[in-house]
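Residue numbers (UniProt numbering): 1 to 530.
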């Protein structure tokens, strides 16, 4: 059965064996040229030319055969190495005998072959190779003594050469052990570095912020998926950061000039995000390399609101008993006081102040408690035109509004919303709008239109617009511009809209103020127009 190719031996061993075969070819070529150039000094007997050419030709044939066996990887690596070393020993000893034995100096060529074989085999079989070379040298010397071509006094030189063979073999064995240990250490370090790179890549992908590493020339060296999500751009390692993100490139250049600057930019995508850039230099050796953290300011604001909401939830746990009970007592005492004082204007004014502030506190408690009821949904289909008409009629009667409140809504617009929640949100928007408008015909209007596949409801009033600096905090809890306000109305309205898959925003017009509700944003529902 033919030998199978040896695929268990590392590829580096086979390459080393191929290099040894190439070294053998170069040595044969060098010997041939040397003999051809200096033949008048080394080949004094013309009869030696024939055996020399026969030896050279035989070795060249074997070199070609070895090249084929190395390429086919069979027989096994150890067998090929041992056969090649034994062949080299026989070739060199025969050549040495042809040119006068040990005195020719050709025996020294055995040492590099033995050293190379020891290094290639990583210490295995090195003593065997040295023993084969020593035996061949001793046999050649004994043969010359028997042929009376050498005397017993010349045995010292072959003995030294045999000792040199074992010394070189031992040295090759030690060097191979050191090389093997270094190779294992390098391999382990490579595995450790690869694992560390994988850990770093995993950490980089799992961080909540976007990360982009930019070198001193402005090329992208590394990034994570979050950076692509936040910027809305596709990034490629090696590309100039200025191509997909020109504003980021400008910010990096500005930071390299002044490392204390904090930069904000508006990224692309839908919806647009406000990003804060935090930059860190990678090393002192490469001062131009920078790691850019992209922080989503909208997410940070949302997390801040969640923290406020968590604190508010702890407050509402005892709010009903801790405030409502004494508040009821105060209201009842004010009512009794009003009945006892009769028509005294002073006492009437004081009791009215007590009653008004008690109602204000009651309204604040009610608004706070509504935060814990926003996810009790009963979503149904609502005919928006019919529902809005009924709502406006009720709103005008309760608030005692005489001027007209225009409504523009296409017929048969159907949305999905909790009717009670929609009533609460619109009542809040309508009451705020009526408070700030000119309170004349058309000063508070309601308009329904469609954009990008969603129905939108605009509540517009002709009052003063919301200041630009207040628009950022408009929907934050406890933010208010009035001394008597709780700062929870718009926040609760937006939370209720989000629970009903809608989105409440302030959409500033050219004049006045406008709040917009976009229906069917998050749950994939489709608004219909029959």
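Virtual Cβ for every residue (Gly too), placed ideally from N, Cα, C.
Residues of its chain near residue 442, where Cβ-Cβ distance is below 6 Å and the 5 sequence neighbours each way are ignored: Excluding residues within five positions, the ones whose Cβ falls inside 6 Å are 406.
Residues that DSSP places opposite residue 222 in a beta bridge: Per DSSP, the beta bridge partners of residue 222 are 213.
6 Å CB neighbourhood of residue 396 in its chain, flanking five on each side removed: Here residue 396 has no same chain residue with a Cβ atom under 6 Å from its own Cβ, once five neighbours each way along the sequence are excluded.
Backbone secondary structure at residue 237 - three-state DSSP: Secondary structure at residue 237: coil, using DSSP grouped into helix, strand and coil.
Candidates 436, 458, 362 and 348, of which the one nearest residue 388 by Cα: Distance from the Cα of residue 388 is smallest, within the candidate group 436, 458, 362 and 348, for 458.
Distance CB(residue 520)-CB(residue 421) smaller than 8 Å: In this structure, residue 421 does not lie closer than 8 Å to residue 520 by Cβ.
Selection from 469, 211 and 437 that minimises the alpha carbon distance to residue 222: Comparing alpha carbon positions, the residue from 469, 211 and 437 closest to residue 222 is 211.
With 16 other Cβ atoms within 10 Å as the buried cut-off, status of residue 390: Residue 390 should be labelled exposed.
Residues that DSSP places opposite residue 231 in a beta bridge: Answer is none; residue 231 lacks a bridge partner.
Own chain partners of residue 85 with C-beta closer than 6 Å, once the 5 adjacent residues on each side are dropped: Close CB contacts of residue 85 within its chain, under the 6 Å cut and outside five residues either way in sequence, are with 117 and 129 (chain order).
Enclosing alpha helix (DSSP H) for residue 447 [first to last residue]: Residue 447 -> not in any alpha helix (DSSP H); beta strand (DSSP E) instead, spanning 444-451.
Alpha helix (DSSP H) runs wholly inside the region 101-158, at least 4 long, in chain order: Within the region 101-158, the complete alpha helix (DSSP H) runs of at least 4 residues are 110-120 and 126-146.
Integer Cβ distance of residue 77 from residue 157, believed to fall under 8 Å: The pair is not a contact, with the Cβ atoms about 34 Å apart (cut-off 8 Å).
Close beta carbons around residue 89, own chain, < 6 Å, minus the five adjacent residues each side: Within the same chain, and ignoring the five residues on either side of residue 89 in sequence, the residues whose Cβ sits closer than 6 Å to its Cβ are 132, 133 and 136.
Reference residue 555; option with closest CA among 201, 169, 107 and 516: Past the edges of the chain, shown from 1 to 530, lies residue 555, and the structure says nothing about it.
Run of the alpha helix (DSSP H) containing residue 69, from where it starts to where it stops: Unbroken alpha helix (DSSP H) run through residue 69: 49-72.
Cβ-Cβ distance between residue 447 and residue 460 below 8 Å: Taking 8 Å as the Cβ cut-off, residue 447 and residue 460 qualify as a contacting pair.
Check whether residue 295 and residue 276 have beta carbons under 8 Å apart: Against a cut-off of 8 Å, the Cβ pair of residue 276 and residue 295 comes out as a contact.
Outcome for residue 177 when other beta-carbon atoms lying within 10 angstroms are tallied against a minimum of 16: Exposed, by the Cβ-count rule.
Through-space distance from residue 418 to residue 526, alpha-carbon basis: Since pLDDT at residue 526 reaches only 46, below the 50 mark, its modelled position is unreliable, and the value read off the structure follows with that caveat. Pairing residue 526 with residue 418, the inter-Cα distance amounts to about 16 Å.
Residue 99 (DSSP reduced to helix, strand or coil): Three-state result, residue 99: coil.
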